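Q: Under full-length UniProt numbering, the sequence shown is numbered contiguously, ending at residue 362. A virtual CB, placed ideally from N, CA and C, is assigned to each residue, including glycine. Keep in mind the model is a prediction, meaning the values are calculated, not measured.
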Amino acid sequence: MTDCNDNQRGRGTKEIIISLVVLFLMFVTIGYMLDIVLLTFIITFIFYHLVKKIQNKARLAGLRVPDGVVLSILYILFILVLAFASIEFAPILATQFTDLANIFIRFDINAVRDSLDPRLAEAIDHIDFNKYITEAGVMLATGITKIGGFGVSLFLSMILGFFLLLEKNKIKKFGEILGQSRVSYIYEYLIVFGGNFVQTFGKVMKVQITIALINSILSMILLTFLQFPQIMSLGVMIFLLGLIPVAGVIISLVPLSIIAFNIGGISKVIAVIIMIVLIHTVEAYILNPKLMSDKTELPVCFVFIILLVGEHYLGVWGLLIGVPIFIFLMNALQVEFEGANKKERVKVKKIKGSSEEREEEC
1 MTDCNDNQRG
11 RGTKEIIISL
21 VVLFLMFVTI
31 GYMLDIVLLT
41 FIITFIFYHL
51 VKKIQNKARL
61 AGLRVPDGVV
71 LSILYILFIL
81 VLAFASIEFA
91 PILATQFTDL
101 ANIFIRFDIN
111 AVRDSLDPRL
121 AEAIDHIDFN
131 KYITEAGVML
141 ATGITKIGGF
151 GVSLFLSMIL
161 GFFLLLEKNK
171 IKKFGEILGQ
181 SRVSYIYEYL
191 IVFGGNFVQT
201 FGKVMKVQIT
211 IALINSILSM
221 ILLTFLQFPQ
231 IMSLGVMIFL
241 LGLIPVAGVI
251 ISLVPLSIIA
261 FNIGGISKVI
271 AVIIMIVLIH
281 TVEAYILNPK
291 LMSDKTELPV
301 CFVFIILLVG
311 EHYLGVWGLL
321 IGVPIFIFLM
331 NALQVEFEGA
341 NKKERVKVKK
351 IKGSSEEREE
361 EC
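Laid out in structure tokens, this is it:
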């Protein structure tokens, strides 16, 4: 019995080490093509659930439609909507973003200094704003040059996502073959970790997108009352920043404050700060408890640390997926934070052939 247990533990340790090495190599490889991988994952995740919902409703209505037909129709509709939006709204957004850029360029720091208390004005004199404005311009120019590359990544991700969904049954059969091979233990680790990641990441991202959409709509309504220009482009900016948990609302305060000062002075800036505080209150005390009831409640300082680390290693993507990845790791390690709803918490799958099961086999 003892020899059997020792052999099983030795084999289990070897399998774990090999599986972790394979996972590490996969993560390193993914890091070199992160845009395509994450866009493919997001597109596949969205269209998979859309096809699933439509098929469920079709079955209730007594209809049987192949998944490929539903997927093709959804893709055609998505491409048509994307083309229409590009033709109708892209020129408007481009014009509005250009106008916003001109507002930033015309921003006069001397006017801000003259409107402040002399002691605060003296402190501002020690800050080299021209340096920060130049760096912001370089970052903006770099971002614009990357738009073309992002478009190519999006196109490739859409094609790859389409074929992944179209041949999901073949992929499943191929996985079952791997599950019966000599590397079955690696396959089991990939399936368990992949399944848990998809489950956790998908739920958190859906909630974050919902919160960002609600925040952007509320912000656009309030900014309209405050007589801000270029509401549509500001709404897009707030939505994209809203995808960054917690910090997105705070980051949006900087450009909004600059625009507010240019169109209405300090009083308008105060109004914007009040608006951001109200929206952050709605997010923190209404939306998050309501929509994130099935997730762990992370301390705000943890979120900022996760965002900093995520941005350092993954760039902009780290700001968007850092928190979902962290929550996935906590769920995988079965770490429960106080305040988490245990009944609706993401269930973590266990790997077949664990040490306990091996001991029972012995």
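Short of 7 Å in beta carbon distance, which residues of its chain neighbour residue 324, apart from the five on each side in sequence? Order them along the chain.
A: Mapped onto the sequence shown, residue 324 falls at position 324. So the list reads 200, 201, 204, 205, once near-sequence residues are dropped.
Q: Determine whether the beta carbon atoms of residue 244 and residue 314 lie at a separation below 8 Å.
A: In the sequence shown, residue 244 corresponds to position 244, counting from 1. In the sequence shown, residue 314 corresponds to position 314, counting from 1. Using a Cβ distance threshold of 8 Å, residue 244 and residue 314 do not count as a contacting pair.
Q: In terms of residues, what are the limits of the alpha helix (DSSP H) holding residue 86?
A: Locating residue 86 in the sequence shown gives position 86, where the first residue counts as 1. Counting along the chain, the alpha helix (DSSP H) containing residue 86 begins and ends at 67-88.
Q: Count the other CB atoms within 10 Å of the CB of residue 186; is the residue buried (16 or more) or exposed (fewer)?
A: The residue given as residue 186 occupies position 186 in the sequence shown. With 16 or more other Cβ atoms within 10 Å, it is buried.
Q: With contact counted as at least three CB pairs below 8 Å, one residue from each stretch, are the stretch 50-57 and the stretch 217-232 in contact?
A: Touching, no, given that fewer than three Cβ pairs across the two stretches are closer than 8 Å.
Q: Would you grab the beta carbon distance between residue 40 and residue 161 for me? Rounded to a whole angstrom, and I think it's under 8 Å.
A: Here residue 40 refers to the residue found at position 40 of the sequence shown. Here residue 161 refers to the residue found at position 161 of the sequence shown. About 5 Å; that satisfies the 8 Å criterion.
Q: Just how far apart, CA to CA, sit residue 277 and residue 98?
A: Counting from 1 along the sequence shown, the entry for residue 277 is found at position 277. Counting from 1 along the sequence shown, the entry for residue 98 is found at position 98. Near 28 Å, if we compare the C-alpha coordinates of residue 98 and residue 277.
Q: What do you get for residue 237, buried or exposed, if any count of 16 or more other CB atoms within 10 angstroms of its CB means buried?
A: Position 237 of the sequence shown, counted from the first residue, corresponds to residue 237. By the neighbour-count rule (16 or more Cβ atoms within 10 Å), residue 237 is buried.
Q: Which residues in the same chain have their Cβ closer than 8 Å to the Cβ of residue 51, if we skip the five residues on either side of it in sequence?
A: Here residue 51 refers to the residue found at position 51 when the sequence shown is read from its first residue. Residues 67, 70, 71, 74, 165 of the same chain have their beta carbon placed closer than 8 Å to that of residue 51, with the five preceding and five following residues left out of the count.
Q: Can the beta-carbon of residue 272 be found closer than 8 Å to that of residue 287?
A: In the sequence shown, residue 272 corresponds to position 272, counting from 1. In the sequence shown, residue 287 corresponds to position 287, counting from 1. Not closer than 8 Å, so no.
Q: Does the distance from the C-beta atom of residue 251 to that of residue 240 stay below 8 Å?
A: The residue given as residue 251 occupies position 251 in the sequence shown. The residue given as residue 240 occupies position 240 in the sequence shown. The answer is no: Cβ separation not under 8 Å.
Q: Enumerated in chain order, which unbroken segments of the alpha helix (DSSP H) with a length of 4 residues or greater are wholly contained in the stretch 204-285?
A: 231-242, 247-282
Q: Using a 10 Å radius around the Cβ and a threshold of 16 neighbouring Cβ atoms, would you call residue 343 buried or exposed?
A: As a first step, residue 343 is located in the sequence shown; it is residue number 343 there, counting from the start. Unreliable placement is indicated for residue 343, whose pLDDT of 45 sits below 50; no coordinate value is reported for it.
Q: Go ahead and label residue 355 buried or exposed: buried means 16 or more other beta carbons lie within 10 angstroms of its beta carbon, across all protein chains shown.
A: Position 355 of the sequence shown, counted from the start, is the residue given in the question as residue 355. Because the pLDDT of residue 355 is 46, which lies under 50, any placement of that residue in the model is unreliable, and the number read from its coordinates should be weighed accordingly. Residue 355 should be labelled exposed.
Q: I need the straight-line Cα distance from residue 249 to residue 61, nearest angstrom please.
A: Position 249 of the sequence shown, counted from the start, is the residue given in the question as residue 249. Position 61 of the sequence shown, counted from the start, is the residue given in the question as residue 61. Whole-angstrom Cα-Cα distance: 43 Å.
Q: Within 8 Å of any Cβ in chain B, is that where the Cβ of residue 64 sits?
A: No chain B is present in this structure, which holds just one protein chain.
Q: Do you know offhand how far residue 49's Cα is from residue 262's?
A: Reading the sequence shown from its first residue, position 49 is the one you call residue 49. Reading the sequence shown from its first residue, position 262 is the one you call residue 262. When rounded, the distance between both Cα atoms is 45 Å.
Q: Within a Cβ cutoff of 6 Å, which residues of the same chain sit near residue 22, ignoring the five residues on either side of it in sequence?
A: Numbered from its first residue, the sequence shown carries residue 22 at position 22. Only 186 meet the Cβ criterion.
Q: Taking only three categories from DSSP, how would you classify residue 62?
A: In the sequence shown, counting from the first residue as 1, residue 62 sits at position 62. DSSP places residue 62 in coil when its eight states are reduced to three.
Q: Is it true that the CB of residue 153 sits closer than 8 Å to the CB of residue 43?
A: In the sequence shown, the residue the question calls residue 43 occupies position 43. In the sequence shown, the residue the question calls residue 153 occupies position 153. No. Outside cutoff.
Q: In whole angstroms, what is the alpha-carbon distance linking residue 322 and residue 311?
A: Taking the first residue of the sequence shown as 1, we reach residue 322 at position 322. Taking the first residue of the sequence shown as 1, we reach residue 311 at position 311. So the alpha carbons of these two residues sit roughly 8 Å apart.
Q: What do you get for residue 83, buried or exposed, if any count of 16 or more other CB atoms within 10 angstroms of its CB means buried?
A: Sequence index remark: in the sequence shown, residue 83 carries index 83 (1-based). With fewer than 16 Cβ atoms within 10 Å of its Cβ, residue 83 is classed as exposed.
Q: With H, G and I counted as helix, E and B as strand and the rest as coil, what does DSSP make of residue 184?
A: Counted from its first residue, the sequence shown places residue 184 at position 184. DSSP places residue 184 in helix when its eight states are reduced to three.
Q: Enumerate in chain order the residues of its own chain whose CB-to-CB distance from residue 65 is below 6 Å, with the five nearest sequence positions on each side excluded.
A: Here residue 65 refers to the residue found at position 65 when the sequence shown is read from its first residue. These residues qualify, in order along the chain: 58.
Q: Could you give the residue range of the alpha helix (DSSP H) that holds residue 167?
A: Sequence index remark: in the sequence shown, residue 167 carries index 167 (1-based). Segment: none, residue 167 is in no alpha helix (DSSP H) and carries neither H nor E.
Q: DSSP on residue 338, reduced to helix/strand/coil?
A: Numbered from its first residue, the sequence shown carries residue 338 at position 338. In this predicted model, residue 338 has a pLDDT of only 49, less than 50, meaning its place in the structure is not dependable enough to derive any value.
Q: At the level of alpha carbons, what is the spacing between residue 309 and residue 326?
A: The residue labelled residue 309 in the question sits at position 309 within the sequence shown. The residue labelled residue 326 in the question sits at position 326 within the sequence shown. C-alpha separation (whole angstroms): 11 Å.
Q: Are the CB atoms of residue 317 and residue 25 within a distance shorter than 8 Å?
A: The residue labelled residue 25 in the question sits at position 25 within the sequence shown. The residue labelled residue 317 in the question sits at position 317 within the sequence shown. In this structure, the beta-carbon distance from residue 25 to residue 317 does not fall below 8 Å.
Q: I believe residue 283 touches residue 211 by the beta-carbon criterion, under 8 Å. Please report the beta-carbon distance rounded to the nearest angstrom.
A: In the sequence shown, counting from the first residue as 1, residue 283 sits at position 283. In the sequence shown, counting from the first residue as 1, residue 211 sits at position 211. That belief holds up - the Cβ atoms of residue 283 and residue 211 are roughly 6 Å apart, short of 8 Å.
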